[in-house]
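*Asks:* My questions will all concern the structure given below.
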Amino acid sequence: MTDEKLTMFGKEKNPSNILPVKYTLDSKIKFQCHPGVSCFTACCGTIGIVLTPFDIMRLRKHIGISSDEFLLRFTRPDWVEKTDLPGVKINLDEEGRCPFVTDKGCTIYEERPSACRYYPIGMANFHSGGKEDVESEKFFFVVKEKHCKGHLEDKEWTIREWRADQGVDLCDEMNSEWMELVMRRKSFGHQATLSPEAQKMFFMVSTNLEKFKSFIFESRFLDTYEVDEETLEKIKDDDVALMFFGFKYLRSSIFGTQDLQIKQDKIDARVAEMKVEQKEKENSIVDTYEELKDDRDKLASMLDEVKQSKAYGGPGLDKK
Ligand code: SF4
Ligand code: SF4
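First residue of the sequence shown? That's 4 in the numbering used here, and the numbers climb one at a time after it.
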């Protein structure tokens, strides 16, 4: 039974197709999507499917191509969740159809992206309460669009059963840290801007784990950050571990968290560099002061000379 009393918002405030009801994991829904529905594959076109790092990782492995090739053939760049964080969406074909759809359905069904699995059940996570008593309220909602005939099917299940069937829990586990980064960035609003370098790093970790791995092992990354041997061994061979390590790196480099520590000798070297820069600045201020003082002294002595010359009846500087 759906929890009809937990109304989210009135219809006048909800022009979208979200039903104004809060659902729990035990709420029941009637829905089924299968080749027999008249709208079969109707929702696989004219849509914007954002790909998470986990989606890209498993899709490119399933197809058997590199991240570079996957990005080039199947995606287009886009901002994530209207932030200044760059990501990718599935590139639709000329008719506005997903490149993975055929009349028989989704050709990558077992590995389909998270967004395709969630539909038509969304999850909301609201924070409420005072500063010292922040409570997080999680609930689910149903998107009911006119063209989707799956809602007319008789199959009834709880949200929990539906999510298990769609493999959504694994997506949540794999995507949640990345989504937290996006939401945190979103909370900063448009006035805060991210440096182009930070944007590049976000894009690399989010879309191309092979490149990120090269960056770790082939650049000066390991000279800069403290990474223990066990972690290094793991991220060499395990892409999921590499992905989560990437989220740590993004958290510390974008938001200044302590997830990754910069090596002490690098900090010392930077402090020494800053001291030298500071000293150079101070010296240049002293030099400027000395130059001004010299100019002032020269001017004062010229004026003295003029005064003396006038006192002795000379022409001074006045040529009239
Ligand atoms: S990935 Fe599959 S389920 Fe998702 S839009 Fe494309 S064809 Fe449809
Ligand atoms: S519109 Fe609904 S029922 Fe039709 S294919 Fe898409 S999800 Fe399935």
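We put the beta carbon where it would ideally sit given N, CA and C, even for glycine.
Hey, out of M207, S41 and E293, whose CA is closest to T55's CA?
*Replies:* Working through the sequence shown from its first residue, we reach residue 55 at position 52. Comparing Cα positions, the closest option is M207.
*Asks:* Roughly how many angstroms separate the alpha carbons of K14 and L22, rounded to a whole number?
*Replies:* Locating residue 14 in the sequence shown gives position 11, where the first residue counts as 1. Locating residue 22 in the sequence shown gives position 19, where the first residue counts as 1. Confidence at K14 is low in this model, with a pLDDT of 41, below 50, so its placement is unreliable and no value can be given for it.
*Asks:* Under the assumption that E148 contacts N20 (Cβ atoms under 8 Å), give the Cβ distance between them as a whole number of angstroms.
*Replies:* On the sequence shown, position 145 is the one that residue 148 refers to. On the sequence shown, position 17 is the one that residue 20 refers to. Rounded, the Cβ-Cβ distance is 5 Å, consistent with contact.
*Asks:* Please work out which residues of its chain come closer than 6 Å, Cβ to Cβ, to E97, disregarding the five sequence neighbours upstream and downstream, and give them in chain order.
*Replies:* To locate residue 97, count along the sequence shown from 1; it is residue 94. No residues qualify anywhere along the chain.
*Asks:* Whose C-beta lies closer than 6 Å to the C-beta of K134 among residues of the same chain, with five residues either side of it excluded?
*Replies:* The sequence position of residue 134 within the sequence shown is 131, counting from 1. Legend: pLDDT at K134 = 46, less than 50; position of this residue unreliable, value from coordinates given subsequently. Contacts found: none.
*Asks:* Is any beta-carbon of chain D found at less than 8 Å from that of G249?
*Replies:* This model lacks chain D altogether; it includes just one protein chain.
*Asks:* Are G48 and L95 touching if we call contact CB-CB under 8 Å?
*Replies:* On the sequence shown, residue 48 is found 45 positions in, with the first residue counted as 1. On the sequence shown, residue 95 is found 92 positions in, with the first residue counted as 1. Yes; because the gap between Cβ atoms is below 8 Å, this pair is in contact.
*Asks:* Which residue or residues does DSSP assign as beta-bridge partners of W165?
*Replies:* Taking the sequence shown and counting its residues from 1, the one referred to as residue 165 is at position 162. Answer is none; W165 lacks a bridge partner.
*Asks:* Return the Cβ separation of I52 and K92 in integer angstroms, given the expectation that the two are a contact with Cβ distance under 8 Å.
*Replies:* Position 49 of the sequence shown, counting from 1, holds the residue named residue 52. Position 89 of the sequence shown, counting from 1, holds the residue named residue 92. With 8 Å as the limit, I52 and K92 qualify as a contact, their Cβ atoms being about 6 Å apart.
*Asks:* What residues sit near ligand 1, counting only those whose C-beta is closer than 6 Å to one of its heavy atoms, in chain order?
*Replies:* Cβ-based neighbours of ligand 1 within the cut-off: C47, I52, C101, F103, V104, C109, I111, R115, P116 and C119.
*Asks:* For P56, which of helix, strand or coil comes out of DSSP?
*Replies:* Locating residue 56 in the sequence shown gives position 53, where the first residue counts as 1. Of the three classes helix, strand and coil, the one that applies to P56 here is helix, per DSSP.
*Asks:* Consider the C-beta atom of V171 and the heavy atoms of ligand 2; say whether any pair is separated by less than 7 Å.
*Replies:* Translated into the one-based positions of the sequence shown, residue 171 becomes position 168. Result no, Cβ not under 7 Å from ligand 2.
*Asks:* Taking 8 Å as the threshold, find out whether the stretch 194-213 comes into contact with the stretch 270-290 through three or more Cβ pairs.
*Replies:* Output reads no: the stretch 270-290 does not touch the stretch 194-213.
*Asks:* Excluding the 5 residues preceding and the 5 following W82 in the sequence, name in chain order all residues of the same chain whose CB lies nearer than 8 Å to its CB.
*Replies:* One-based indexing of the sequence shown puts residue 82 at position 79. Result list for W82: L88, P89 and G90, in chain order.
*Asks:* Measure from the alpha carbon of L212 to the alpha carbon of each residue in A195, L197 and D240, then state which is nearest.
*Replies:* Counting from one through the sequence shown, the residue named residue 212 turns up at place 209. Nearest option by C-alpha distance: D240.
*Asks:* Taking the CB atoms as reference points, tell me whether V40 and K152 lie closer together than 8 Å.
*Replies:* Position 37 of the sequence shown, counted from the start, is the residue given in the question as residue 40. Position 149 of the sequence shown, counted from the start, is the residue given in the question as residue 152. Closer than 8 Å, so yes.
*Asks:* Taking its Cβ as the centre, do 16 or more other Cβ atoms sit within 10 Å of F103, making it buried, or is it exposed?
*Replies:* Taking the sequence shown and counting its residues from 1, one reaches residue 103 at position 100. By the 10 Å Cβ count, F103 comes out buried.
*Asks:* Assign I2 to buried or exposed, taking buried as 16 or more other Cβ atoms, counted over all protein chains shown, within 10 Å of its Cβ.
*Replies:* With the chain running from 4 to 323 in the structure shown, residue 2 is simply not present.
*Asks:* Who are F144's beta bridge partners in DSSP?
*Replies:* For the purposes of this step, residue 144 is taken as the residue at position 141 of the sequence shown. Bridge partners of F144: G125.
*Asks:* Could you have a look at D262 and say whether DSSP puts it in helix, strand or coil?
*Replies:* Position 259 of the sequence shown, counted from the first residue, corresponds to residue 262. Correct three-state label for D262: coil.
*Asks:* Among residues of its own chain, excluding the 5 on either side of G99, which ones have a beta-carbon nearer than 6 Å to its beta-carbon?
*Replies:* On the sequence shown, position 96 is the one that residue 99 refers to. G48 and T49, listed in sequence order.
*Asks:* CB-CB under 7 Å to R61, same chain, minus the five flanking residues each way: which ones, in chain order?
*Replies:* Position 58 of the sequence shown holds residue 61. Hits under 7 Å: E114.
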